[in-house]
Amino acid sequence: MTNRLGASTSPYLRQHADNPVHWREWSEEALAEAAERDVPILLSIGYAACHWCHVMAHESFENAAIAAQMNEGFVCIKVDREERPDLDAIYMNATVAMTGQGGWPMTCFLTPAGVPFYCGTYYPPEPRNGQASFPQLLDAIGDTWRERRGEVDRVSEQVAGHLRQASSGLPDGAPPSSDDLAAAVATLVADEDPSGGFGRAPKFPPSATVEALLRHHERTGDPAAYGVAVRCAEAMARGGIYDQLGGGFARYAVDADWVVPHFEKMLYDNALLLRFYAHLGRRTGSSLALRVAEETADFLVRDLGIDGAFASSLDADTEVEGHGVEGATYVWTPAELVEVLGEDDGDWAADVFAVTERGTFEQPGERSDGESGGASTLQLRGEPDPARLADVRRKLFAARLTRPQPARDDKIVTVWNGLAITALAEAGRVDAAAACARYLLEKHWDGTVLRRSSLGGEVGEALGMLEDYAALVTGLLALRQRAGDEAWADAATAILDAAIDRFADPEAAGGWYDAPSDGEALLTRPRDPADGATPSGASLMAEALTYAEALLGERYASLAAATRARSGELIRRVPRGAGHHLAVAEQAAAGLQIAVADGAGAAALAAEARRLAPGGAVVIAGPKDSHPLLEGRGPVDGRAAAYVCRGTVCSLPVTDGETLATELSA
1 MTNRLGASTS
11 PYLRQHADNP
21 VHWREWSEEA
31 LAEAAERDVP
41 ILLSIGYAAC
51 HWCHVMAHES
61 FENAAIAAQM
71 NEGFVCIKVD
81 REERPDLDAI
91 YMNATVAMTG
101 QGGWPMTCFL
111 TPAGVPFYCG
121 TYYPPEPRNG
131 QASFPQLLDA
141 IGDTWRERRG
151 EVDRVSEQVA
161 GHLRQASSGL
171 PDGAPPSSDD
181 LAAAVATLVA
191 DEDPSGGFGR
201 APKFPPSATV
211 EALLRHHERT
221 GDPAAYGVAV
231 RCAEAMARGG
241 IYDQLGGGFA
251 RYAVDADWVV
261 PHFEKMLYDN
271 ALLLRFYAHL
281 GRRTGSSLAL
291 RVAEETADFL
301 VRDLGIDGAF
311 ASSLDADTEV
321 EGHGVEGATY
331 VWTPAELVEV
341 LGEDDGDWAA
351 DVFAVTERGT
361 FEQPGERSDG
371 ESGGASTLQL
381 RGEPDPARLA
391 DVRRKLFAAR
401 LTRPQPARDD
411 KIVTVWNGLA
421 ITALAEAGRV
431 DAAAACARYL
441 LEKHWDGTVL
451 RRSSLGGEVG
461 EALGMLEDYA
471 ALVTGLLALR
481 QRAGDEAWAD
491 AATAILDAAI
501 DRFADPEAAG
511 GWYDAPSDGE
521 ALLTRPRDPA
531 DGATPSGASL
541 MAEALTYAEA
551 LLGERYASLA
561 AATRARSGEL
571 IRRVPRGAGH
581 HLAVAEQAAA
591 GLQIAVADGA
601 GAAALAAEAR
611 RLAPGGAVVI
621 AGPKDSHPLL
631 EGRGPVDGRA
641 AAYVCRGTVC
651 SLPVTDGETL
661 ATELSA
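To convert, note that position 51 of the sequence shown is 51 in full-length UniProt numbering; the numbers rise steadily by one, no gaps.
Structure representation (structure tokens):
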């Protein structure tokens with residue numbers, strides 16, 4: 001009986017390899033062990049950048065007495081939610097059903113068949129604020145298992161029924177009409193928070209939703225949608241949630257004003273936000289949006305880049321003197337600014353970055369280092385002198401590099417890297433996008449099956465989910481548009497066809513499962529069409545098929561339409577849970593395609609087409625007849641020509657950027 005996590009391809013699991021808990025990875029063998037010992041399974045799900053996961057690990061899983069209690073009464077299984085989103089989805093649904101809320105670390109107690117009968121999240125090592133301690137919970141669960149097995153069976157049967165019902169997917173319904181899209185946008189506009197974005201604390205970046213609002217504005221001219229998107233973009237870019245020195249966004253803000261972040265930085269957030277800010281910057285010329293896009297791309301390459309692909313996250317905590325301290329790398333006091341910059345620039349920086357004596361992050365009496373002054377996150381006030389700002393930021397960033405740095409989860413996850421490929425390609429970082437695509441095609445795709453993740457070049461056993469296939473297809477098609485290499489389209493076709501075979505619901509046109517048909521048989525086959533912090537697999541597949549219809553051929557058209565139609569009820573009922581669905585619906589409603597035929601000035605005209613193109617537009621450049629969008633379309637009098645099509649209606653060719661801009665704004 002030993003801990004068996006040391007050889008895992010998940011850094012999160014490896015973090016627990018030295019625990020005295022006899023952790024196992026999820027496997028048939030682990031479930032069989034529980035049946036043989038006639039004990040429950042203790043399932044703990046988390047991820048490497050999770051602050052409270054680290055807290056519970058330090059308090060309980062590293063405690064020899066608590067570990068002995070766990071080992072004696074349970075088979076203990078540890079799961080990385082980023083590596084096994086199928087397991088996370090099933091047991092998160094159970095946790096929410098039982099407790100009304102979810103989160104990580106997730107703590108579930110299962111029968112040996114994998115059916116949950118008690119679920120929760122974080123538990124302290126001793127009773128706290130009315131909450132039972134983790135050892136008390138372990139005792140209670142053990143007693144119930146031994147003495148009241150009938151109660152366990154009754155609850156597990158109820159939960160299993162709920163989970164099966166929850167995986168039924170979206171109902172048939174009418175596809176979203178133009179009126180539906182306008183009504184959804186009006187609902188979102190009415191839900192805007194005065195501080196920018198939606199909802200109160202904690203506040204997550206609504207990446208897909210603001211992208212949808214921007215696309216709606218570009219299709220209809222709706223100023224209200226534009227205003228919500230721009231105000232949210234500016235509030236986040238000026239807030240503490242954005243790293244004002246190194247670029248990139250934290251996962252969420254703990255307050256409603258975007259001031260105090262939960263400091264973990266996730267690849268998926270930054271890929272989605274890079275795409276949005278690049279879109280906003282190129283369409284509006286906003287210097288703030290353009291700078292944030294550039295710096296976020298720099299952050300991805302500099303801080304998350306690994307072997308051409310991108311690591312999953314940076315931790316929320318920084319280890320200081322053996323203990324994890326949240327924000328230690330990032331927060332400043334006025335005295336620290338003066339120490340680095342001198343008095344004049346230090347005082348100026350304190351004003352520009354809203355660094356106060358009292359502190360915006362830790363106030364006197366709360367400082368983890370025992371100092372008397374307060375510590376502040378960095379915000380950006382006003383429009384300071386750009387040259388002075390750049391110099392101050394450079395010096396502060398260099399000084400920050402001398403501090404302890406947060407740990408990085410080097411696991412390479414297919415879906416998030418697919419999102420990064422799309423964002424980087426659309427932001428003009430084609431070389432970085434191509435390097436990432438090459439890594440995934442070489443390591444994660446064997447020509448038949450796509451794998452979920454890898455670590456140190458070693459590919460894990462977990463199969464790719466629907467979101468992995470779909471996001472990679474869209475990324476490859478973004479590269480096809482930017483780089484012009486047909487090999488990207490060929491790879492996208494093969495992966496898309498494999499996804500259709502493995503994930504399509506054979507009984508519901510346009511319906512999709514999140515887990516593959518040839519994957520492990522679990523309690524249910526999960527599927528959740530709603531968009532959350534990341535787009536759902538269903539909305540990512542709708543996007544992949546919408547691009548494929550234009551770029552790979554009409555054979556995908558009916559499936560693309562059926563998939564978009566499935567989102568209709570979600571868009572009509574809960575637009576806040578359908579941000580990416582709404583963005584794809586706006587893309588389809590616009591139906592914008594721009595084909596640039598080679599000729600004199602082709603590079604400049606193609607660049608202008610890409611700059612002017614709204615989000616979701618398809619832009620292809622190449623010789624006459626080199627692509628279906630260029631069939632029969634060539635240069636005009638030797639000059640490169642752009643052909644603008646909306647759906648099946650195309651304009652006459654234009655040969656200069658000014659006329660192209662007029663055509664696109666019509």
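Glycine included, C-beta positions come from ideal geometry on N, C-alpha and C.
| Query | Result |
| --- | --- |
| Between which two residues does the alpha helix (DSSP H) carrying Asp80 extend? | Unbroken run through Asp80 is the beta strand (DSSP E), 75-80; no alpha helix (DSSP H). |
| With Arg318 and Thr333 assumed to form a contact (beta carbons below 8 Å), what rounded beta-carbon distance in angstroms separates them? | The question names Arg, yet the displayed sequence has Thr at residue 318. The pair is not a contact, with the Cβ atoms about 16 Å apart (cut-off 8 Å). |
| Count the other CB atoms, across all protein chains shown, that sit within 10 Å of the CB of Thr209; report buried if there are 16 or more and exposed otherwise. | buried |
| So, for Ala471: in the same chain, excluding its five sequence neighbours on each side, which residues have a beta-carbon less than 6 Å away from its beta-carbon? | Val415, Gly418, Leu419, Leu540 |
| For Ala550, collect the residues of the same chain with a Cβ closer than 8 Å to its Cβ; drop the 5 residues on either side in sequence, then sort them by chain order. | Gln593, Val618, Leu629 |
| Have a look at Ile412 and Ala433 and give me their C-alpha separation to the nearest angstrom. | 14 Å |
| Between Ala67 and Val96, how many whole angstroms is the CB-CB distance? I'm expecting something under 8 Å. | The Cβ separation is near 28 Å, so there is no contact. |
| Between Pro635 and Tyr643, is the Cβ-Cβ spacing less than 7 Å? | no |
| Determine the extent of the beta strand (DSSP E) in which Val618 is found, giving its start and end residues. | 618-622 |
| With a CB to CB cut of under 7 Å and the five nearest residues on each side skipped, what residues in its chain are close to Arg482? | Ala425, Val430 |
| Kindly identify the DSSP beta-bridge partner or partners of Met266. | Ser313 |
| Looking only at its chain, what residues have a beta carbon closer than 7 Å to the beta carbon of Arg238, apart from the 5 residues adjacent to it on each side? | Gln379, Leu380 |
| What are the boundary residues of the beta strand (DSSP E) that includes Gly346? | No beta strand (DSSP E) contains Gly346, which is instead part of the alpha helix (DSSP H) from 343-352. |
| Quick check on this structure: which residue in Leu137, Asp38, Ile500, Glu28 has the alpha carbon closest to the alpha carbon of Arg555? | Ile500 |
| Give me the Cα-Cα distance between Asp255 and Ala398, rounded to the nearest whole angstrom. | 28 Å |
| Which residue or residues does DSSP assign as beta-bridge partners of Ser453? | Val413 |
| Could you spell out where the beta strand (DSSP E) holding Leu213 opens and where it closes? | First-last for Leu213: 207-220, but that is the alpha helix (DSSP H), not the beta strand (DSSP E). |
| Using a Cβ-Cβ cutoff of less than 7 Å, which residues in the same chain neighbour Ala35 once the five nearest sequence positions on both sides are dropped? | Pro112 |
| Per DSSP, what are the beta-bridge partners of Trp332 in this structure? | Ser376 |
| With DSSP as the reference, please indicate the residues paired to Gly305 in a beta bridge. | Phe310 |
| Whether or not the region 578-585 and the region 209-218 are in contact is what I'm after, with contact meaning three or more pairs of Cβ atoms, one per stretch, closer than 8 Å; do they touch? | yes |
| Which residues share a DSSP beta bridge with Arg445? | Looking at the sequence shown, residue 445 is not Arg but Trp. According to DSSP, Trp445 bridges with Leu450. |
| Just verifying my parser: in three-state terms, what is the DSSP assignment at Ile594? | strand |
| Do you know offhand how far Ala560's Cα is from Thr546's? | 6 Å |
| Just verifying my parser: in three-state terms, what is the DSSP assignment at Ile241? | coil |
| To test your reading of the DSSP string, which unbroken alpha helix (DSSP H) runs of 4 or more residues are found completely within the region 163-206? | 178-190 |
| At what residues does the beta strand (DSSP E) containing Gly324 begin and finish? | 323-326 |
| In three-state terms, what does DSSP make of Met106? | strand |
| Could you tell me which residues DSSP pairs with Thr318 in its beta bridges? | Val325 |
| Are there three or more Cβ pairs, one per stretch, closer than 8 Å when the region 114-128 is compared with the region 143-162? | yes |
| Please confirm whether Met106 and Ile45 have their CB atoms less than 7 Å apart. | yes |
| Out of Ser454, Glu126, Asp179, Leu138, state which residue places its alpha-carbon closest to the alpha-carbon of Phe310. | Ser454 |
| From Val230 to Tyr277, what distance separates their C-alpha atoms? | 10 Å |
| Please look up how many angstroms separate the CB atoms of Arg639 and Gly599, rounded, as I've assumed it's under 8 Å. | 5 Å |
| Can you tell which of Ala387, Leu570, Val79 has the C-alpha that lies nearest to the C-alpha of Ser8? | Val79 |
| So the candidates are Asn3, Gly6, Ser10, Ser60; which of them puts its Cα closest to the Cα of Glu461? | Ser10 |
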